[in-house]
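Peer 1:
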Amino acid sequence: MFNLFGNNPNKILRKYEEKVDRIKLISSEMKEWDDLEVQTQTKKFKKRIQEGSDINALLPEAFATIKEACRRVLHINLFDVQILGGIILHEGNITEMKTGEGKTLTSTLPAYLNALTGSGVHIVTVNDYLAKRDAEWMGQIYSFLGIQTGLIQQNMDAANRKINYNKDITYVTNSELGFDYLRDNMAIDKDDIVQRDFNFCIIDEVDSILIDEARTPLIISGPSDIPNNQYITSNTLAQKLIVNQHYEIDEKAKNIILTDEGIIFCENFLQISNIYQIESPWAQYILNALKAQELFLKDRNYIIKDNNVVIVDEFTGRIMPGRRWSDGLHQAIEAKEQVDIQNENQTLASITYQNFFLLYHKLSGMTGTASTESPEFEKIYKINVVSIPTNKTCIREDLPDLVYKREFNKWTAIANECYDMYKIGRPTLIGTTNVEKSELLAKLLKEYGLPYNLLNAKPENVEKEAEIIAQAGQSKTLTIATNMAGRGTDIILGGNAQQFSKLIILQSIKDYFIHEQKLQIDNYQPDQEIKRYLKNMISALKQKKIFDHMTNEDILSYTELNLLDTQELQYNQIDIIKTTYNQVFSLYDKIFSLDRKQVIECGGLHVIGTERHESRRIDNQLRGRAGRQGDPGSSRFFLSLEDNLLRIFGGDKILNLMETLNIDDEVPIESVILNRSLDNAQKKVESYYYDIRKQLFEYDEVLNNQRQAIYAERKRILHSTYVRDCLLEYGENTIDEIVDFYYQEYNQQLAQYNTSREKQIHKKIQVILNLPSEIVVNLLNDMGEREVKSFLYEQFRITYDLREAYLEQLRPGLVRQLEKYYLLQQIDTAWQEHLEKMANLRESIGWRSYGQQDPLTEYKNEAFGLFINMITYIRETVSYFIMRSRLVIDPEKVM
């Protein structure tokens, strides 16, 4: 029985059935066309758009064109469900498509259609590897149809970024896209801007980016001058404090609370009267040192790489180089690990992912798991989640969870399960929650004498990610992976012959040409025939001297280009690499096909979960690794009452019950009630984190309106060739504010202050706008408010004209440069100071709730006042600098 009003996948298919059939019909007619006829479709579509056609009217023909191009270039026929997914994406929704259903190919349909407008399409991925892989793989289809593909990578310079953002379709990671946006809004010259206006965005793994990563805003920061000795002292102090005596740990909120006894101990240790004093506060340093000690653990939350603390993403299990925890927490961890403590940073620009992605004219996304978070997508991003039916029915068996009393018994049971699966011959994927647990299991399997592949955030394992995932479906293969490592790459039963063949060729070229070593292909256990093919390829490449003058990076890029799945070889490609790939692939395809049959007979891929995650979505992602495209498979979670989720959310009650019933440690509980309580615990955690994200969004929305106003003003100035009027406007607004302020003050005072008011107006105007001192105060005294303003406007314009003439005489064109420089410099400086004030306000505003006031309303009111003050400050300082600038001419340079 299903909910009539729910998101039923088959109902969705019926709704769009007519449109899907029309696309298939047009595509089948195109099979008779030659390549040139298919390729000219793009020009026809663009012409129709220029003539006023709506892109929605072009959808059937454009989708059919991509379907046919995909068949010709990649030799892949798109499924009906992929066409359906493309339609849903084009309409600005999130498509939930299970693992292995071909999301990457699905995105080409709406990307091509929306690229026809010329406004650009961004396809956002979670890491550089996937962005590069998808840009190269899908780029072949776009290139065939005359659409340009761009790719943004972490180490790319500004000039290349600009070129790639101006392409029709650009593949980029979420962090690079966000940071480029912030950098563009700090640019001093319009030529430094790399992005264009945001049009249409497709986010791959949308739940990971818009949900998991949305708890942390994007921040660009610069070093500040705060000394580091406080972190070292606080770390020493933290080691002396005793848990539950001097401080308490709140694991749910991931927070530390100092007790009264702890506060007194800290004050005595530091020999100060108050750790919360405003002039030199110590409380934040001590709390961070305790958090670093108790809540942030090595090989779980971070790793040490090249003497640096590198964050491990708790959701993806991947390292995040360049990212740092804020508010001094990262420095506290550096002090704990005794590595170099880097300077604390000052925020220069920031934005939340929520507000950033809402800048797009149209936003869509795709993932295997989004339905559990659909209310959040609807409320915050105003986008719906639509579940797409699978191409083939999923026959994976999700077995009930086994719950053990002690963690030790759980790990023993997991090792035994791995042993049983290995003996049967089934490939097994074991998902762990962190690096530490993955290495613990690796040691256990070593004790059992079982071969395994380890994939976690450690650099030496990350480099082998593609290779490990390519083999994970082979019989008798045990793969240990942090929860989402390898996400984005299908685990094919029997092994991925395509990926495996590419890796062997790539490794052979690396071994011989990059490391200048003899061929080291024994690791891959190739037979004599494959060895012969590889040696022939190396000899031919050496003979033709292809790589003689190439850098290592160029050799790899060249090889990867030659390994793309295009039917025709490009003009600059050498036959030998592609030919060798085809030879190796044909052999491995036979070997892996036989292995696939054996694996299917054994029951397919078995997935083991070693702990329930805080979010049901992450558990579903792990389960979803098995059972792709109708393959058999199974999944089971092994849990213990000492696991974080169970321990924090009521595991002690179950433990007491097991003790009362005298249940053996080695006997697991398999209980529907327990599973239900676990689901409820996960729902509570999801709800808690949703509240954090919602609160972050609500508070940032206040700042976002201010951000958009400041960025719009910057953009207006940056793209203007003549900002003189802007400066005059700023000066006149300053006059208005000064006159209004003193006239309001006067109305509240006695008439005797009348002359004093004119003196104050005159003094303030003279200081800020550098107006001549000859203006007689008595003259102002005889005028009304409006006349005073008009008179001062006139004096300001005359003085500005004289200053402009003076600067122009000294150095022609200089005044225009000075105007723009002063404007942008003061806007940026004021905005950075404003961000700091807003952060301090955000931290302290919560206390207003004790006075029966709504903190958010109070925050909005206070923020508005701060913003008005900032605008006034910008106007006054810009006017002050431009009216008082002195030019010193170096006589030697003039000569």
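Numbered according to the UniProt record's numbering, the sequence shown spans residues 1 to 895. Just so you know, even glycine gets a beta-carbon here, dropped at the ideal spot from N, CA and C. Computed from a predicted structure; not experimentally measured.
1. Any idea which residues DSSP pairs Asp168 with across the strands?
2. Beta-carbon separation of Glu205 and Ile256 under 8 Å?
3. Taking all protein chains shown into account, do 16 or more other C-beta atoms lie within 10 angstroms of the C-beta of Thr482, making it buried, or fewer, making it exposed?
4. Once you ignore the five residues that flank Phe198 on each side, which residues in its own chain have a CB closer than 6 Å to its CB?
5. Alpha helix (DSSP H) containing Cys394: first to last residue?
6. Assuming Ile264 is part of the alpha helix (DSSP H), what are its boundary residues?
7. DSSP three-state call for Phe200: helix, strand or coil?
8. Out of Gln474, Arg797, Gln706 and Thr857, which one is the CA nearest neighbour of Ser879?
9. Quick one: what does DSSP say Leu814 is sitting in, helix, strand or coil?
10. Closest to Arg14 by CA distance: which of Asp664, Pro389 and Tyr165 is it?
11. In terms of residue numbering, what span does the alpha helix (DSSP H) encompassing Ala370 cover?
12. Using CA coordinates, which residue listed in Ala370, Gly178 and His330 is at the minimum distance from Ile211?
13. Please name the residue in Thr347, Asn164, Ser387 and Gln331 whose C-alpha comes closest to that of Asp340.
14. Would Asn235 and Lys336 qualify as a contact pair, given that the criterion is a beta-carbon distance under 8 Å?
15. Could you please give the first and the last residue of the uninterrupted alpha helix (DSSP H) stretch that includes Thr559?
16. On the DSSP letters alone, give me the boundaries of the alpha helix (DSSP H) that Asp420 sits inside.
17. Expressed to the nearest angstrom, what Euclidean distance is found between the alpha-carbon atoms of Ile618 and Asp740?
18. Can you look up Gln517 in the DSSP assignment and give me helix, strand or coil?
19. Counting only the same chain and skipping the five closest in sequence on each side, list residues whose C-beta sits under 6 Å from that of Arg71.
20. From Gly178 to Met550, what does the alpha carbon distance come to, in whole angstroms?
21. In terms of residues, what are the limits of the beta strand (DSSP E) holding Ala481?
22. Beta-carbon separation of Ala64 and Ser27 under 8 Å?
23. For Glu251, which three-state DSSP category applies?
24. What number of angstroms, rounded off, separates the C-alpha of Glu96 from the C-alpha of Cys266?
25. Just to confirm, is the Cβ distance from Gly627 to Ile395 under 8 Å?
26. Return helix, strand or coil for Val38, following the three-state DSSP convention.
27. Using the Cα positions of Arg625 and Asn416, report the straight-line distance between them to the nearest angstrom.
28. From Leu645, Tyr512, Leu561 and Lys531, pick the residue whose C-alpha is nearest to that of Lys542; which is it?
29. If you follow the beta strand (DSSP E) that Thr125 is part of, which residue opens it and which one closes it?
30. Since residue 896 contacts Gly473 with CB under 8 Å, what's their CB separation in whole angstroms?
31. Would you tell me roughly how many angstroms separate the C-alpha atoms of Ile272 and Gly262, rounded to the nearest one?
32. Going by beta-carbon coordinates alone, are Val312 and Leu429 separated by less than 8 Å?
33. In angstroms, rounded to a whole number, what distance separates the CA positions of Phe592 and Ser586?
34. May I ask you to verify whether the stretch 715-725 touches the stretch 810-825, counting CB pairs closer than 8 Å and requiring at least 3?
35. Among all the DSSP beta bridges, which residues are the ones paired with Gln346?
36. Distance check for Ser849 and Gln275, CA to CA, integer angstroms please.
Peer 2: So, from the data block:
1. In the DSSP output, where bridge partners are listed per residue, Asp168 has none listed.
2. no
3. buried
4. Leu359 and Tyr360
5. It is not in any alpha helix (DSSP H) - Cys394 carries neither H nor E in the DSSP assignment.
6. Asp260 to Leu270
7. strand
8. Arg797
9. helix
10. Pro389
11. Taken as a continuous stretch (DSSP letters only), Ala370 belongs to no alpha helix (DSSP H), as it is neither H nor E.
12. Ala370
13. Gln331
14. yes
15. Asn552 to Asn562
16. Glu407 to Ile424
17. 59 Å
18. Residue confidence is low: Gln517 scores 44 on pLDDT, short of 50, so the model does not pin down where it sits. Its coordinate-derived value is still stated next. Coil, per DSSP.
19. Asn77
20. 34 Å
21. Leu478 to Thr482
22. yes
23. coil
24. 52 Å
25. yes
26. helix
27. 21 Å
28. Tyr512
29. Val121 to Thr125
30. No answer is possible for residue 896: it lies beyond the span of the chain, which begins at 1 and ends at 895.
31. 14 Å
32. no
33. 10 Å
34. yes
35. Gly222
36. One detail in the question is off: residue 275 reads as Ile in this sequence, not Gln. If you take the alpha carbons of Ile275 and Ser849, they lie about 24 Å apart.
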